[in-house]
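Notes for the one structure printed next.
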């Protein structure tokens with residue numbers, strides 16, 4: 064059931080044979096609101112959200128902090144194939160107790176620590192100036208806005224107009240130590256990057272085509288890597304709104320109607336229609352049915368003993384798995 068069919072069903076239910084453009088826009092937003100709400104539901108989101116393939120991330124000697132690719136909104140696991148290991152998830156408090164000085168303890172990482180979203184892919188290694196440029200020569204009408212913390216601890220906020228592929232400096236300050244926000248005034252034609260030098264230097268962040276805000280999911284490796292190792296990251300991608308007529312939600316086809324139920328309830332709620340209560344109950348019943356469908360397959364048999372299989376850490380004379 065694509066977006067066009069969902070809207071047609073809404074028009075039928077709401078008795079709107081020829082709705083104006085403003086109504087279509089509102090109902091489309093209600094459908095997308097319902098979709099985003101559904102994928103946020105425990106038990107549903109992980110099943111229907113678009114999973115990314117295993118992405119490779121290479122560690123860098125003496126670098127503790129890393130970021131996942133732009134589209135990743137949650138990291139599920141980080142594994143190292145060379146030694147057939149999965150890194151252990153730890154929290155920030157544990158990390159600070161185990162590793163007060165990131166540079167003093169290096170080795171082969173055994174754990175990873177989620178750090179939440181950050182404005183850039185890599186923070187400056189020292190106080191620096193900031194420059195921005197696009198990969199498209201025609202990007203000259205967008206404004207790049209940056210907020211930083213300077214070496215004095217005083218926050219800074221400034222902007223600059225893009226000049227196509229030519230790097231433009233953000234003012235004359237060279238004391239930027241941490242970038243807290245990096246965004247554009249409008250969608251750019253090309254990819255917009257933030258640099259720490261007028262030429263060459265390091266790329267601190269890159270905003271992809273079609274996006275306007277810098278947002279990367281950060282994580283730390285413990286201990287700080289002593290060498291380059293390739294890690295494989297399992298994660299979930301963000302789910303864009305439906306925008307084209309033939310766009311379909313990543314839900315089982317039989318449950319596409321739940322989006323229509325949710326949009327219908329939202330429309331009745333907006334117009335203070337008495338039918339909102341009945342529509343909400345119908346929507347919630349659909350959500351419950353969807354949750355059961357995706358979390359309770361026929362082979363799901365809960366057991367107190369558990370059936371997890373772990374790899375044996377013994378030698379080749381022992382079975383490859385243990386129970």
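In our numbering, the protein residues as written are 64 to 386. Heads up, the beta-carbon is just placed ideally off N, CA and C, and yes, glycines get one too. These numbers come from a predicted model, not from an experiment.
Among 355, 363 and 362, the one whose alpha carbon lies nearest that of residue 106
355
What are the complete alpha helix (DSSP H) segments, minimum 4 residues, inside the segment 81 to 121?
84 to 102 and 108 to 111
Quick one: Cα of residue 185 to Cα of residue 103, how far?
29 Å
Buried or exposed for residue 173, going by 16 or more other Cβ atoms inside 10 Å?
exposed
Quick one: using the 10 Å Cβ neighbour count with 16 as the cut-off for buried, is residue 316 buried or exposed?
exposed
From this set, 285, 301 and 318, which residue's C-alpha is nearest residue 162's C-alpha?
285
Cα-Cα separation between residue 132 and residue 337, rounded to whole angstroms
46 Å
CA-to-CA distance, residue 219 to residue 283, given in whole angstroms
26 Å
Grab the span of the alpha helix (DSSP H) containing residue 348 for me, first residue to last.
339 to 358
Quick check on this structure: which residue in 80, 130, 125 and 271 has the alpha carbon closest to the alpha carbon of residue 298?
130
Under 8 Å, with one C-beta from each stretch per pair, do the segment 178 to 192 and the segment 257 to 268 reach the 3-pair mark?
yes
What does the alpha-carbon distance come out to for the pair residue 386 and residue 290?
Confidence at residue 386 is low in this model, with a pLDDT of 45, below 50, so the placement of that residue should be treated as unreliable; the coordinate-derived value is given next. Answer to the nearest angstrom: the Cα atoms are 34 Å apart.
Can you list, in chain order, the residues of its chain with a C-beta nearer than 8 Å to that of residue 67? Leave out the 5 residues immediately preceding and following it.
308 and 309
I'd like to know if the segment 322 to 334 and the segment 118 to 129 are in contact, where contact means that at least 3 CB-CB pairs between them fall below 8 Å.
no
Going by beta-carbon coordinates alone, are residue 276 and residue 257 separated by less than 8 Å?
no
Around the C-beta of residue 95, are 16 or more other C-beta atoms found within 10 angstroms, so that it is buried, or is it exposed?
buried
Residue burial classification, residue 205 (beta-carbon count within 10 angstroms, cutoff 16):
buried
Is it the case that the Cβ atoms of residue 387 and residue 259 are separated by a distance below 8 Å?
Residue 387 lies beyond the stretch modelled for the chain, which goes from 64 to 386, so this question has no answer here.
Sequence-distant residues of the same chain with beta carbon closer than 7 Å to residue 65, five excluded per side:
308, 309, 310 and 311
Give, in chain order, every unbroken run of the beta strand (DSSP E) that is at least 3 residues long and sits entirely within the segment 163 to 248.
174 to 181, 194 to 197, 206 to 213, 218 to 224 and 239 to 247
Specify the secondary structure class of residue 140 as computed by DSSP and reduced to three states.
strand
Residue 253: which of 227, 319 and 238 sits nearest, CA to CA?
227
Mapping DSSP to helix, strand and coil, what is residue 330?
helix
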